[in-house]
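**Student:** Heads up: the sequence shown at position 86 corresponds to 85 in numbering that gives the first Met the number 0, and the numbers run straight through without jumps.
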Amino acid sequence: MRTRTLITLVGSVAALTLPFIAPASAADTVLTTGSLGGTAVAVGDVLTAPLATGTSATLYSSATGTSGIKCTTSQFTATVTANPTAPGTATESVSGQSFDSSSCTSNVLGVTGVTSITVDNLPYTTAAVSDGTLTVTPAAGSTIQTTVKLTTLLGSITCVYQAPSLSGTSSNTDTSINFTSQAFTKTSGSSLCFSAGYFTAKYAPVTDGGAAVYTN
Numbered sequence: 000m001r002t003r004t005l006i007t008l009v010g011s012v013a014a015l016t017l018p019f020i021a022p023a024s025a026a027d028t029v030l031t032t033g034s035l036g037g038t039a040v041a042v043g044d045v046l047t048a049p050l051a052t053g054t055s056a057t058l059y060s061s062a063t064g065t066s067g068i069k070c071t072t073s074q075f076t077a078t079v080t081a082n083p084t085a086p087g088t089a090t091e092s093v094s095g096q097s098f099d100s101s102s103c104t105s106n107v108l109g110v111t112g113v114t115s116i117t118v119d120n121l122p123y124t125t126a127a128v129s130d131g132t133l134t135v136t137p138a139a140g141s142t143i144q145t146t147v148k149l150t151t152l153l154g155s156i157t158c159v160y161q162a163p164s165l166s167g168t169s170s171n172t173d174t175s176i177n178f179t180s181q182a183f184t185k186t187s188g189s190s191l192c193f194s195a196g197y198f199t200a201k202y203a204p205v206t207d208g209g210a211a212v213y214t215n
C-alpha cells in the first residue's frame, strides 16, 4: 500500500513538472493568411494587391455611365496597424495606391491621353470589419484626393477630385477588395474635366508576403 502511494505521488509530481503542450489551434483574429481561421496577420505586416485579373479600375463621370478613364494596371500597399480578435475591426494604413498611366485610356470628348493619376494626402486609414465591410478615411482635417493629368486637343490639363471617405467590401471567395461607384467631386480643373467622378475597382488577391489574406 505504501509503495503504491509513493509511486502515485511521484507520477503526479512528474506530470506537474512537464511542460504543458497545448494542441495547435486556428487563429482567432480578424485577418488571417492561408485560410479562414489560419495564421494571424501580424501588426506591421505589409499587404499588397493588384487589380483582379481581367478587370479595370475606372473613374467615370456618372455612377451608371461608361464615359471617363479606365486603367488596367493598379496596385495598393497597406500596413496592418491593428488585428484584434474576431469578430472585430482590423485597421490598416494605406501608404500607396498606384496607377500605371501607360495602361490608362480615356473616352472623354477632346481628351487624347492620360498622363498620370496620383493619389494624394496619403496615408489613409482602412477599417476592415469581420462582416466584410471596408471604410477608407483620410487623416483628420484632410480628404481623399486624386489628381488626374490629361492630354487634350487644347494641351495638358489637371483635374483634382476629392471624397470624404470610401466604402467597399472584402470577399473571401477570391480574397478581394471591391469598390463600386464611389463618388468624388471635382474641386479644380478645366471644363474638359468631368464635374464628378465615380471610382470602381476590384483588387485581388490581397496578400501578405505572398500568402492570401482572409477576413474572419
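For each residue, glycine too, the CB sits at the ideal point set by N, CA and C. As the structure is a prediction and not an experimental result, all values here were calculated from the model.
#1: How should GLY217 be labelled, buried or exposed, when 16 other C-beta atoms within 10 angstroms of its C-beta is the threshold for buried?
#2: Looking only at its chain, what residues have a beta carbon closer than 7 Å to the beta carbon of THR151, apart from the 5 residues adjacent to it on each side?
#3: Expressed to the nearest angstrom, what Euclidean distance is found between the alpha-carbon atoms of ALA62 and CYS103?
#4: Can you tell me where the beta strand (DSSP E) with VAL268 in it begins and where it stops?
#5: With H, G and I counted as helix, E and B as strand and the rest as coil, what does DSSP make of SER101?
#6: Run through DSSP, which three-state label would SER34 get?
#7: Run the CB neighbour count on LEU153, radius 10 Å, all protein chains shown included, and call it buried at 16 or more, exposed below.
#8: Near VAL93, what residues of its chain come up, given a Cβ to Cβ distance below 8 Å and the 5 sequence neighbours on each side ignored?
#9: Have a look at TYR59, LEU133, VAL118 and flag the residue whose alpha-carbon is nearest the alpha-carbon of SER141.
#10: LEU50 and LYS201 look like a contact to me (Cβ under 8 Å); what is the Cβ gap, rounded to whole Å?
#11: Looking at the secondary structure, which residues open and close the beta strand (DSSP E) in which PRO163 lies?
#12: Rounding to the nearest angstrom, what Cα-Cα distance links THR114 and ILE156 in this structure?
#13: Does the Cβ of THR184 have 16 or more other Cβ atoms within 10 Å, making it buried, or fewer, making it exposed?
#14: Once DSSP output is grouped into helix, strand and coil, what is the label at ALA119?
#15: Ordered along the chain, which non-local residues of its own chain (more than five positions away) have a Cβ less than 6 Å from that of THR88?
#16: Quick check: THR216 and VAL29, are their CB atoms within less than 8 Å of each other?
#17: In terms of alpha-carbon separation, which member of ASN171, SER180, VAL212 lies closest to SER60?
**Tutor:** So, to answer that:
#1: Absent from the structure is residue 217, since the part of the chain shown begins at 0 and ends at 215.
#2: GLY109, VAL110, THR111, LEU191
#3: 19 Å
#4: Nothing about residue 268 can be reported from this structure: the residues present for the chain run from 0 to 215 only.
#5: helix
#6: coil
#7: exposed
#8: PHE75, THR76, ALA77, LEU121, PRO122, TYR123, THR124, THR125, VAL135
#9: VAL118
#10: 7 Å
#11: Counting along the chain, PRO163 falls outside any beta strand (DSSP E), and DSSP gives it neither H nor E.
#12: 9 Å
#13: exposed
#14: At residue 119 the sequence reads Asp, which differs from the Ala that was named. Correct three-state label for ASP119: strand.
#15: ALA126, VAL128
#16: Past the edges of the chain, shown from 0 to 215, lies residue 216, and the structure says nothing about it.
#17: SER180
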